[in-house]
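Q: The structure that follows is given in the form of structure tokens.
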Amino acid sequence: MREIPFAIIFDMDGTLFQTETVLVPALHKTFGRLRREGLWQGDTPVEEYLRILGVPIPEVWRQLMPEESEGVRDRAAAWFLDDIIDEIRQGNGRLYPDVHTTLAALADQGIPLFVASNGRQRYLAAIRTAFLLERYFIDFYSLDRFSLMSKSALVKQLLNDYGIEKAVMVGDRRSDIQAAKDNGIWSIGCRFGFANDEELRGADVIIHQFSEIGSVWVEMVNKA
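See the structure below:
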């Protein structure tokens, strides 16, 4: 495989995809099932999920259901994956504004584009299919595809697999910025996603709308 001199790596949730458009109704469905099975009492923890969105899936359910057994958490995670994919397939999800036009412009310039996400393969595949994203991206990396435990390890795997010499990581959470630092690449923090200013501290650049990526990456390359 030929080496790639420069690439842009994107997170999915809160960066490309407006996750809350499908997450909230799917979460209500999942916790409705849990209540009917006698496995959950109380309200659906929507705000808690949005706060921790972007961490690895097992950790999500440990935080949402700290008193429950691993078996119950696994069942909830499986139901939720089915429910959120169903929402995507019904056409209820949305990308952020300008994602298609910006990605098309970058791809037309011959810039290799990748996705590195903590989301599961089936989830990423549903989004990819719903929005025809395969026309822009070379590959979609997920933690469960490689049995990895962190975004930093996932980005390292991607860089090594494709022989990428320099890259920019684009994301909205602390784990994205940390993955860039751990792998010696640049980072662009997305303030339009789920992050607060503290989470994006340490990003090389912070953007407030997706379309800014087109000019920002040029500045980064020129400084290299």
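Throughout the sequence shown, residue numbering follows the working numbering, covering 2 to 225 in sequence. The beta-carbon is built from N, C-alpha and C at its ideal position, and this holds for glycine as well.
Drop a sphere of 10 angstroms on the beta-carbon of residue 32, count the other beta-carbons inside from all chains shown, and report buried for 16 or more, exposed for fewer.
A: For this step, residue 32 is matched to residue 31 along the sequence shown. Residue 32 comes out buried.
Q: Check residue 9 in the structure and name its three-state DSSP category.
A: Sequence index remark: in the sequence shown, residue 9 carries index 8 (1-based). Three-state DSSP puts residue 9 in a strand.
Q: Return the chain-ordered list of same chain residues with a C-beta closer than 8 Å to the C-beta of residue 153, the five sequence neighbours on each side being excluded.
A: Within the sequence shown, the letter at position 152 stands for residue 153. Taken in chain order, the residues that qualify are 176, 179, 180, 183 and 184.
Q: Below 8 Å, can you find three or more Cβ-Cβ pairs linking the region 76–84 to the region 127–142?
A: Short answer: they don't touch.
Q: Check this for me: beta carbons of residue 105 and residue 137, under 9 Å apart or not?
A: Working through the sequence shown from its first residue, we reach residue 105 at position 104. Working through the sequence shown from its first residue, we reach residue 137 at position 136. Taking 9 Å as the Cβ cut-off, residue 105 and residue 137 qualify as a contacting pair.
Q: Buried or exposed for residue 159, going by 16 or more other Cβ atoms inside 10 Å?
A: Along the sequence shown, read from residue 1 onward, the residue named residue 159 stands at position 158. Residue 159 should be labelled buried.
Q: Is DSSP giving residue 70 helix, strand or coil here?
A: Along the sequence shown, one-based indexing puts residue 70 at 69. Note: residue 70 maps to coil in three-state DSSP.
Q: Beta carbon of residue 207, beta carbon of residue 190: below 9 Å?
A: Along the sequence shown, one-based indexing puts residue 207 at 206. Along the sequence shown, one-based indexing puts residue 190 at 189. Yes.
Q: Looking at residue 49: is its Cβ nearer than 9 Å to the Cβ of residue 24?
A: Reading the sequence shown from its first residue, position 48 is the one you call residue 49. Reading the sequence shown from its first residue, position 23 is the one you call residue 24. Not in contact: residue 49 and residue 24 (Cβ atoms no closer than 9 Å).
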